[in-house]
Every structure is written in C-alpha cells, then in structure tokens.
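Heads up, the thing below is written out as structure tokens.
Numbering (this note's numbering), first residue to last: 4 to 841.
Take a look at the structure:
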C-alpha cells in the first residue's frame, strides 16, 4: 500500500492559495504551470549561480571547487517517493529523495573545477550530460576522488582522476544510499566499500487489493515519551514493513576503482552504517532488523553491531559487539541505553571505542557520571575495558599524532556546557587533564577546533607539531566574526595567534599547504569581493595587541571566481548594537536597499530566529559578520524592491534550560521591541511600515509577535509550528511534556490566540514537510482559526516541498508572495496611530 499511496498522493497535491489580487510590484506568471514570479530585477538575481565551495585534497596540493544547483525544477522535486520510517526513497532509482530529516531535496552539483595550489592552474571537469553528482570524496592519497551520480534508473558510482580531471563511471554498480554510508574509501585508497542494490530483486511487494488487517499498537504501562513523528513517515502495517525491507536491503561489496572489479562480501542485509578500521581488515557494520515500531523512525529500530573480518572476502568472520533492542522509550533529549557512538581509534590498527549511559539515558537523573567509555581491541573475542567515565554526556574522541594522546569532550545539556580533556588512554592511572571548560553559548572565548590531517590510511587525527596543535575558529567579537588560526602548546597551555582576519573582510583558514605551518590556505571574501582561495605565508613576528595576529603575513590569490551579481553591490549593510529594556546587549545586521539615502525612512522587514540561552552573560554576544560577500536569497531579495532588512536580529530566550519557555512570550516581545526601536532611532525604518518574517521556529516567533504586539503591520510565517500541543513530548529545547507544563504549551501557541490575531499574516508551507514539529497541518489549522475568527490571512501550500523549499518555481512563488503581502500591508499601508505592546 505504501507504493500506491505515494503515487496517488503525488497526483492530488495542489497549490493552495486563499486570495487572488495581484498588487503593483509582484507579477503574475503567464505560464500554464500556475506559479507566479517576482519582478525581473529580483528574478535575475535569483537565477544567478552561487559561488562554489572548496574541497581541499588530503595531500593539500589541489582544490576541487564544487558548484551546487541552487534551485532544481519542480519536476525533480515532484518525483514520486515512498515514506519509509523516516527515509524518503524514490523507487524508480533507489535514491534518497531528500536530506536527513527531510529539510530539503538531495542536492545536485552543477560543476567541478580542479585547481592546482602551486600555480593556480585550473582544469574543468566534464560531467555527464544531465548529471546529478553528489559531493566528491577525496582518496587520502589525493590521486582520485569518488562521487555518486543520481541517474534515471540507479545511483551510479563515478571516479575522478586528480592529475587529469577525467571522470568515469564504474559499470554494474547500483548504490543503495537509503541510510547513507553508501561508499567509503578503504585504507588502501584503491578500493571503495559500497552498499549495492542486490541483484535480481524484482519489483517491490505489491500493495494488497484489500486491507490485510488492522494496524495495532499496544502499551502496557511503561513510559514511552519520544519525539512526535509524522504518521505519514513512520511504518503503519506489515506491508509497509515489507516495503521497508525491500528498499533497505543492501549487498556489501569491495570495488577496485582501477579495474572496476566488484567483490561481494557477506550476505544481503539492512545495513545502516559502515566504518572500515584503519588496518583495512576489519569493518564496523550496523544492521537493522525486526521488530519494527510504528511510532519511531529507523534510527530507533533494533540493531546488530558487528565487526567483520574481510581479509578473506569469500569467508567473512563476524564478531557481535552489541545487540541493541528497539529504543522507542528514550527520554526526551536523552540517549538510548546500551552501547552507542561507536568509532575506531584512529592511531590503532583495529581498536573500537564506544559509550554507554549510566543514567538510563535521562538528563533528569542525577548521577556522579553519565557515561562510561569502553574499548575493545582485535580480535574482539575478549571483554571490553572501561577506560574512563564522563561526568556529563560523552561527545567524542579526537586522536592525535601522539598515539596515546587524545582529546575527550563531554557536554552538559542542563547547563549548555562542554568540557574537553587531554587523556592518555594507554595509562589509566594518569588523570585526564582539563583543557577547555566553558559554555557552548560562549562565542567570544571559543578556542576554536583542532586542525586535523588525514593519515595515509584515511583516518583523521589532530595535527600536532612537537608539543603544539593548531586551532581554527570563527573569532566572534563585539565587532563581528574575525576568523583566526592559533598554535596551542599542550605543555604550557599557552597559545599564540598566527593569523586573524582583518576588520574589512571575512577570511577563514581552511587548510595548510603541506608540512610547513608557515603556509596555509584561506577562503577570503568581503561585501564587494566574492569568495576566493588565497595562499598565506607567515613572515616576521609582530608586537601585537591582545587577540591580534603575532605574525605578519602575505597572501596570493589561488582562485579568481567572478562576481555573479554585480547589481547587488549597491546594497549596503552594517552591524547595529543596542540594548533590550532590561539592559541586555543585542545586535542585528541592517541592510539598506540600492540607492538608499541616509535619513530616509523606508519600509522595513525584520527577520530573526530565537535561540535559547542558559545565561544572560552570553546571550547578547554578537554573532556573524557584516564583511561577508552579500548574496540575496529568500526575504533578502526584497531589498531590490526598496525594503530595508533588520537581519538576524538577536532574539535570546534566557533561562534555566529545563524551563526557559516559562518567559518565552515576554522575552520575544522585548527582543522585537528593542530591534524595532533601534531601527527607527537610526532613521531607517518607518515605524508605520514594518513587517516581520521567520522560518520554522522563526515562524512561531512571527505568529506570536503579530498576535501579542502592535509592532508590525504584517507577518510572513514559513513552515511553522503554531499549536505545540500537537508535539506533546517537547519542542525546540523544551523538555517537559504538555501534561507537565500545560500553561507553557498553550501560551507559546498562537493557535489559541487566533481570535486576537488581527494583523495580516501570510502562512506558507511545504506540502511534504517531514520535520516532526512542523507538519503542514500546523499552517492549515492556524489559517482556519484566523479565518473563522474574522482575521486577515493567506495560506500558500507549495506542492511537493519539504521543510526548506527547493524548486525554482516554489522559491519564485515564495518571493512573489512575500513581496505581494508586504507591498499590500506594509509598504502601501495607510498610516495608523503609534504602535505599542498590548
């Protein structure tokens, strides 16, 4: 039934609009498709390609510049798919329809360019006509790269030759990307471990002509709090289970990329994840099996975690590490009991590390240690050894050049806090040494992340020179982000700043160019200059101010990517800092339209996404940079229609993480009022012509602001959640259930205030939104509530779209709708009495 339901559903989805007038500024399309388009000056910018992104080879001698298709046609987004326990699969070619979590359609690369770092020489890589390539994956020796290509009838495996730029398909390979990990380089860097669609599968199980029986679920008294998933995406009956098994089945194989030889290993199974050990002989394999749940998605299904010895592919030896039961009763924000978070020790041939909860996986339980960390070495026949315990939840290990030295990180969700320790896993008598101890909300003091390098076998380790490691970070500061590169001495724990971006650009470290730390690559951009790769060389030491670079450096451009939208350079932006009524420091980026004259008040749109903070001391820190290359997408395109944008306004919600939403509404309105007042004080925003917009959690913000304040003339809420009682076991960072915090759930839900919601509100939603908290029902019901209470609203449901709108036609419609709505109710709205808070 799952197959037939999917086909039927895709035939009936329609574009829903609840108003028909077209104002000046937005244009109705003459296309028979029924979609509308914004004006040509906006459309031209939308159609311009985005700058490519760099992928550096592990040997640090070449860069792959990967350009991505910004907006695929709606015909691709509309490809029929099946909902299979949290995965959306296209049956015609076995591909994944969307990204993990259903946030967007699986993207296609549009272009590959290979750039030699030594001289900047560039090779254009000729991709197959009509190709949909995925992200390239470099081999550790830098000689090849692999990528998938989503073809009409299969997901193909392609190999690129780095010296020549030539690419070719490996024949007879049909990949199964249903659970990801469909290809991994083996440590010899000549072989790929792949998941294949088994041969001779035939057609999927046919849907029964008549129901084979009822769908039955039963609970017998045990608590089962879990996230609320769309019923459409979970399994619902035994036929769904059969279809899930059909598409989940994979045959593991080793592919020699030089000869194209395919060597199957093991039996066909529902393999979720694969991870080769550094020795190339062992593979960590996780397989899903029954009994399945009709409440949760596949990641909570029962699993067998095994290590396979593939030294003799025709006779695979398996060692069971863990048999994990169905995990459908995990505490909110908790972790399953039993072994989890498996990984290989990068500096050993075959040593497995994992964590196990000591608190039942529940953050609310007070225990001396939340996790214990276990270790087991080949041949995996003995008992695992406990190497340490973490006071809070285990995050990961990062291994270093020094074989016995690792970086262990843990996280406290109750405080938004992390600690990192230097630990000698071979000497358990040696106490771990605390390296970092700070709030995860702390931006200004964030030390950055260790720079890693790839070993010849493909394992990643922290780059260590003598007693020092290197740290790259975004460099948040009161003036905005200024990325840096530091060298940290692990003996003295003192660091020196090798490089810091200046105040007129945004330039981040992204790779060394070899073993010499004096030379490295940066990705440089400014409001006027598109992103490009530069090679920097350190020079003499400087008598620097605190936080600034201790060395002079010179730079040479490696790439020369042109500006795709010169007309956008007329747009100006600046950092604006101000205070909330309670004295909290806040900030936003203020964009002004082309040709703007200082002191002129113009219609303005506020965009924000509220974030939760455990402490006020970090909530007001400046985030982001005003020195990035200006690109216009979504609501920012309205700058070309004469609007100013209050962008990424800080909207902190501060409080104990266990009950932060107790004061959500008060803080939300205070955040908005502070931003609006400042934009008005600057002489840019017209107080009678301000709109507000937000996406997802920002859409909830938008609906609440137009319901509970008079600051805005209109709102646009995209893919929102407006009735939190429909997600009764938690939302965002709220961990209490609706029965534990009923008043909170009701107060944050604008659905229950629809009778007071008189400010015009445009609601937009993707018809196939898979995000558990933002089903299309949320927008449908809020629209019905507003309409029933005599309010002003418009509902636009975009066919086939997930949580983030993907198709060109859908994005054109979204911008058209925003412009239409804000022109009618903000730009051309009649004056009104002074605004204030209700």
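Don't be surprised by glycine CBs; every beta carbon is placed ideally from N, CA and C.
Unbroken beta strand (DSSP E) run spanning residue i, endpoints
i           : result
residue 1   : Since the displayed the chain opens at 4 and closes at 841, residue 1 lies outside it and no answer follows.
residue 325 : 320-327
residue 397 : 396-402
residue 265 : 265-267
residue 543 : 535-544
residue 187 : 186-188
residue 388 : 388-393
residue 1   : No answer is possible for residue 1: it lies beyond the span of the chain, which begins at 4 and ends at 841.
residue 154 : Residue 154 -> no beta strand (DSSP E), and no H or E assigned at all.
residue 605 : 605-611
residue 124 : Here residue 124 belongs to no beta strand (DSSP E), and DSSP marks it neither H nor E.
residue 1   : In this structure the chain extends from 4 to 841, so residue 1 is not present and cannot be described.
residue 66  : 65-71
residue 194 : 194-199
Burial state of residue i, where buried means 16 or more other Cβ atoms lie within 10 Å
i           : result
residue 675 : buried
residue 700 : buried
residue 299 : buried
residue 174 : exposed
residue 742 : exposed
residue 354 : buried
residue 757 : buried
residue 812 : buried
residue 155 : exposed
residue 323 : exposed
residue 306 : buried
residue 97  : buried
residue 422 : buried
residue 215 : exposed
Helix, strand or coil at residue i [DSSP, three-state]
i           : result
residue 492 : strand
residue 419 : coil
residue 44  : helix
residue 146 : coil
residue 254 : strand
residue 204 : coil
residue 797 : strand
residue 563 : coil
residue 728 : helix
residue 829 : helix
residue 755 : helix
residue 274 : strand
residue 50  : helix
residue 244 : helix
residue 345 : strand
residue 214 : coil
residue 616 : strand
residue 552 : coil
residue 571 : helix
Start and end residues, alpha helix (DSSP H) containing residue i
i           : result
residue 791 : 779-791
residue 112 : Taken as a continuous stretch (DSSP letters only), residue 112 belongs to no alpha helix (DSSP H), being part of the beta strand (DSSP E) at 112-119.
residue 750 : 745-750
residue 164 : Not the alpha helix (DSSP H): residue 164 falls in the beta strand (DSSP E), residues 158-164.
residue 819 : 811-825
residue 78  : 77-80
residue 620 : 619-622
Sheet register partners of residue i (DSSP bridge)
i           : result
residue 311 : 286 and 321
residue 697 : 720
residue 769 : 801
residue 86  : 91
residue 577 : 593
residue 379 : 355
residue 688 : 605
residue 498 : 491
residue 503 : 487
residue 141 : 148
is_contact[residue i, chain D] using C-beta, thresh 8 Å
i           : result
residue 452 : Judged by its chain identifiers, the structure shown contains no chain D, having just a single protein chain.
| message | Just to confirm the assignment: which complete beta strand (DSSP E) runs, minimum length 3, are found wholly within the segment 638-686? | response | 647-652 and 655-657
Just to confirm the assignment: which complete beta strand (DSSP E) runs, minimum length 3, are found wholly within the segment 400-483? Counting whole runs of 3 or more residues, the segment 400-483 contains the beta strand (DSSP E) stretches 408-415, 420-427, 436-442, 455-457, 463-465 and 471-476.
(message) At 3 residues or longer, what runs of the beta strand (DSSP E) sit wholly inside the segment 506-535?
(response) Under the rule that a run must span 3 or more residues, the beta strand (DSSP E) segments found entirely inside the segment 506-535 read 509-515 and 522-528.
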